[in-house]
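Peer 1: Below is the structure I would like to discuss, written out as structure tokens.
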Amino acid sequence: MFTKRETNLFKEKLQTKNWHNVILAEDINQAYNNFHNTIQLALNETCPPRIIRGRRIKKTHVWDSEYTKVKGEYIKALEKEQLTGRPEDKAETAVKKKNHDQRLKTLRKERTAAPLNKQKTSRALWQIINGKRNATLDTENKHSTPNKC
């Protein structure tokens, strides 16, 4: 992980540091904290932490005005059901939810089928597959790797 040059630079930094705050500390916890801070400062100077960010993927919106209308109706029905709690409102909410889900499903199918119909190649299919795969991998791999040189 560390190169020989970085290791030597780290050793030199540690040799030039003032260790009196660690040696003369009265409390063991304070001595450890001083030691840890000194080591961390030297490490950050010789090998600064790097943040790795994943590629940002453009989100494509699949909805249209009809979907927005159906979604609004569903949300209104859901709010009404939560306010009243009547069985009629619950049944109406279930119907609106089903319409909402079906519309979203058809829009997603259309969006996926459009490039396939245009190109009719395996390349388009693999782009869709890799797009789905990369979207799941990017959400899992968003983290930073401190002190990795």
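Numbering (this note's numbering), first residue to last: 411 to 559.
Even glycine gets a Cβ: it sits at the ideal position worked out from N, Cα and C.
Owing to the predicted nature of the structure, the values given are computational and were not obtained by experimental measurement.
Hey, is the region 506 to 517 in contact with the region 477 to 484, meaning 3+ C-beta pairs nearer than 8 Å?
Peer 2: In short, these stretches touch, since the Cβ pair count reaches three.
Peer 1: Report the rounded CA-to-CA distance for W429 versus F420, giving the unit in angstroms.
Peer 2: Their backbone Cα atoms lie some 15 Å apart in a straight line.
Peer 1: Is the beta carbon of D473 sitting closer than 9 Å to the one on L514?
Peer 2: Correcting the residue identity first, residue 473 is Trp in this sequence and not Asp. Their beta carbons are under 9 Å apart, which means W473 touches L514 by this criterion.
Peer 1: From T494 to K500, what distance separates their C-alpha atoms?
Peer 2: Cα to Cα, T494 sits roughly 9 Å from K500.
Peer 1: Distance check for C457 and T413, CA to CA, integer angstroms please.
Peer 2: Roughly 10 Å between the two C-alpha positions.
Peer 1: Report the start-end ranges of each alpha helix (DSSP H) in the region 467 to 521 that is 4 residues or longer and not cut off at the edges.
Peer 2: For the region 467 to 521, whole alpha helix (DSSP H) runs of length 4 or above, ordered along the chain, are 475 to 494.
Peer 1: For the alpha helix (DSSP H) holding R415, just list the boundary residues, first then last.
Peer 2: Unbroken alpha helix (DSSP H) run through R415: K414 to T426.
Peer 1: For R460, which of helix, strand or coil comes out of DSSP?
Peer 2: Here R460 sits in strand by DSSP.
Peer 1: Measuring CA to CA, which of I462, A441, L517 and L434 is closest to I476?
Peer 2: Reading the sequence as shown, one finds Glu at residue 476 and not Ile. Among I462, A441, L517 and L434, the Cα nearest to that of E476 is on L517.
Peer 1: Return the Cβ separation of A452 and N444 in integer angstroms, given the expectation that the two are a contact with Cβ distance under 8 Å.
Peer 2: 13 Å between Cβ atoms; not a contact.
Peer 1: Buried or exposed for K506, please, with buried defined as at least 16 other CB atoms from any protein chain shown within 10 angstroms of its CB.
Peer 2: Buried, because 16 or more other Cβ atoms sit within 10 Å of the Cβ of K506.
Peer 1: Excluding the 5 residues flanking N544 on each side, which residues of the same chain have their C-beta closer than 6 Å to its C-beta?
Peer 2: If we look at N544 and ignore the five residues flanking it on each side, it has no Cβ neighbours.
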